[in-house]
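The block underneath contains the structure these notes are about, expressed in structure tokens.
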Amino acid sequence: MINVIGIGLLAIYFLILVAIGVYGGWIARKTREDYFMAGRGLGSIAVFMALFASNITAFTIIGHAGFAYEAGYGAYGYVIGWSIFITPFTYYLVGYRSWLLGKRYGFATQPQVFGGIFNSRLISLLFLVLLIYYTLPYLVVSIIGGGLAFTTVTEGLVPYWLSALVIIAISLIYTLPAGLRGTVWTDIFQGSLFLIVAVLLLSAVARALGGFSEITDEIVRDNPAMLERGLSEQLAPINWFSYSFINSIAVIVFPQIYTRILATRSSGNLKQVSMYYPLALAAIFGVSTLMGVWGSVAVPGLEGQEADNIVPLLIHQFLSPTWMILGLVVVLAIVKSSIDSQLLAVTHLVTVDFLPNIKRITSGQAVFWGRVILVFFAVLAFYIALIQPGAILSIAGFAFSGFSVMLPVMIGALYWSRANKYGAAAALIIPAIMLHLWYLEVLPQWTTFGFMPVFPSFVLAVLILIVVSLLTPPPSPEQREKTFGLFERVFK
Amino acid sequence: MNFKVRFMLVCVIVLIMFILHNSFFLWDLDSRIPLLFGFMPFAYSYYAGYAVLSVLVMKAIISLAWPDPPKEVTDQFTDKESSKH
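Right, here's the structure in full:
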């Protein structure tokens, strides 16, 4: 199935990524601020594509299309509907205030921002541990997903272990020398690439299936349940409501997203990103929803995880081998742009928030140690992706929920001057424990009152933050002035 | 209008957007108008419209409650580049 044009396209794609890495490494200054924050000089397009490409994972094309195959057009609203608005809104709600603090006090990560607001090393440590704990399994799952997709599309010609190795190695080639600047530049390239090619793929599939109207008529005739949200068990209103608290509000908590917001050059840049972000999210998920639903009539009969292969199957059955390679490039672009940002994010956290506790390092040494740690995490993630331990995969299954339940503390810290470190610590620890007890089925299901565990955990986090803060001493006036004095001068 | 009032307005807007997303009372329209304009499935086109509405709403929120930092604040930034909007 792989032809010369296909190999040529893949080679060009990889060469562009390598060239970006080499050039980025060549012009980079050897400072911590430049390597991890691109000198806090990211413009609108760079931030937009960096956030978008890091936000979109293999799930968008593979998992979501498979879900739409089973649940119909309603999958679009269920998975991404609330995100279309609330994700860019959180860039304002949490992002802008954090950006102000970052610019004023030099904060670069969540442990620094929230440890700084509460003047607490414990809060800083809790953020560090929880963010790494949820990001690493998610990173491993991204590698597994990308590796499997690569192997599926090449029909086993490239074995899984080699696929995973190639994905990580290429990500390292541009991330290692150029840091955040390298990942952002490749995000601009890869993000544009997967948006354009995904739309081209969709129109090619539509043409091959007889045209948009023809396919839609066929769905209305043969499978009308795909049009009605009320007929799908998976889209039951209580699940729909609960899901609003999972992926949509989790995005701002991802360290790779949060850091990119802090690295934005100006408030104006962040405004432009927030305003147009809904269109990009709606576009890419719109494509994968249509692919999934069309697949349900074009390739009927897939069940369970088989449905996740619907996009490769559509391309394989209805398009030429060159399209298969283009599809592979889309999957690789999506997978790698999230893997590189996750790898750099955990490296950044360890280098600036953990390492200085055990060793004094200069800004230049931080770049060296950052690169060492980056390689360490890449090797670790590759190893875990090979052995695929059940515990790691279980954690990845609720990592999004884990991020979401950290959001109340972030909002409380930025908006409520009475919130204190005791409330914040309790609101980080207890909901995280409850989430584990619910997801690992230690607690019976009825204790969530029919909601997904993320919803009661989220409510619990809000209540604990309020109650414990009110029952314990308030933050000192100096501590409040540091954060809220700054906000009062901006928000008049 | 002071910032607190403007921010309350933003909260009301967010609540309306949340209700529009969890609009189970409109789900009947999926069967009553299966294809909007004769070709767009309702459940799908609802969120295409929601995306356009989100852009407009974000624009409103920005003009309502997202002030740029004043010079007295940007002068204290550790990175002075940010004062340029």
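These protein sequences, in sequence, are chains R and P.
Counting from 1, position 313 in the first sequence corresponds to residue 312 in numbering that gives the first Met the number 0; the numbering is continuous, with no gaps.
Counting from 1, position 57 in the second sequence corresponds to residue 56 in numbering that gives the first Met the number 0; the numbering is continuous, with no gaps.
We put the CB at the ideal spot given by N, CA and C, even for glycine.
None of the values given here were measured: they were computed from a predicted structure.
| Asked | Found |
| --- | --- |
| Residue of R:Glu32, R:Ser53, R:Ala67 minimising C-alpha distance to R:Gly285 | R:Ala67 |
| C-alpha distance - R:Ile391 paired with R:Thr56, whole-angstrom precision | 18 Å |
| DSSP state of R:Pro158 mapped onto helix, strand, coil | coil |
| Top-ranked residue by Cα proximity to R:Gly326, from R:Ala197, R:Leu385, R:Ile122 | R:Ala197 |
| Per-residue DSSP class, three states only, for R:Leu301 | coil |
| Cα-Cα separation between R:Val17 and R:Ile166, rounded to whole angstroms | 13 Å |
| Within-8 Å CB hit, P:Ala50 to chain R | yes |
| R:Met225, DSSP secondary structure in three states | helix |
| 8 Å Cβ cutoff, P:Ile60 in contact with chain R | yes |
| Proximity of R:Ile296 and R:Asn238 at Cβ, strictly below 8 Å | Sequence inspection shows Val at residue 296 of chain R; the Ile mentioned does not correspond to that position. Against a cut-off of 8 Å, the Cβ pair of R:Asn238 and R:Val296 comes out as no contact. |
| Amino acids of chain R, ordered along the chain, whose beta-carbon sits closer than 7 Å to that of P:Phe2 | Phe490, Lys491 |
| Test: P:Leu35 CB closer than 8 Å to a CB of chain R | no |
| Test: R:Leu50 CB closer than 8 Å to a CB of chain P | no |
| Residue from R:Trp160, R:Tyr133, R:Thr258, R:Phe244 with nearest C-alpha to R:Gly105 | R:Thr258 |
| Alpha-carbon spacing of R:Gln111 relative to R:Ser123, whole angstroms | 6 Å |
| Candidates R:Pro473, R:Phe399, R:Leu462: closest to R:Met419 by CA position | First, the residue type needs correcting, since residue 419 of chain R is Asn and not Met in the sequence shown. When each option's Cα is compared against that of R:Asn419, the closest is R:Pro473. |
| Residue range of the alpha helix (DSSP H) that includes R:Glu32 | 31-36 |
| R:Leu459 and R:Ile429 closer than 8 Å at C-beta | yes |
| Min CB distance R:Leu99 to chain P below 8 Å | yes |
| Interface partners of R:Ile568 on chain P, CB under 9 Å | Nothing can be reported for residue 568 of chain R: it is not among the residues displayed for chain R, which extend from 0 to 491. |
| When R:Ala424, R:Lys358, R:Trp437 are compared against R:Ser393, the one with the closest alpha-carbon | R:Trp437 |
| For R:Met290, the three-state DSSP class (helix, strand or coil) | helix |
| For P:Leu34, the three-state DSSP class (helix, strand or coil) | strand |
| CA nearest to the CA of P:Phe36, picked from R:Val3, R:Thr215, R:Arg103 | R:Thr215 |
| Closer than 8 Å to chain P by CB, R:Glu227 | yes |
| Proximal residues, the segment 242-274 of chain R versus chain P, C-beta separation under 8 Å | Ser243, Arg264, Ser265, Ser266, Gly267, Lys270, Ser273, Met274 |
| Same chain, Cβ closer than 7 Å to R:Val489, neighbours up to 5 away in sequence not counted | Leu99 |
| Chain R contact residues for P:Phe38, given Cβ-Cβ distances below 8 Å | Phe211, Ser212, Thr215 |
| Which of helix, strand or coil DSSP assigns to R:Thr263 | strand |
| Contacts of R:Gly285 in chain P (Cβ-Cβ under 9 Å) | Tyr43, Tyr46, Ala47, Ala50 |
| Same chain only: Cβ atoms within 6 Å of R:Thr321, ignoring 5 sequence neighbours per side | Ile4, Gly5 |
| Any chain P beta carbon closer than 8 Å to R:Ala148 | no |
| Below-8 Å beta-carbon distance, P:Val11 vs any chain R residue | no |
| Chain R contact residues for P:Met7, given Cβ-Cβ distances below 9 Å | The contacting residues do not exist; P:Met7 stays about 13 Å from chain R at best. |
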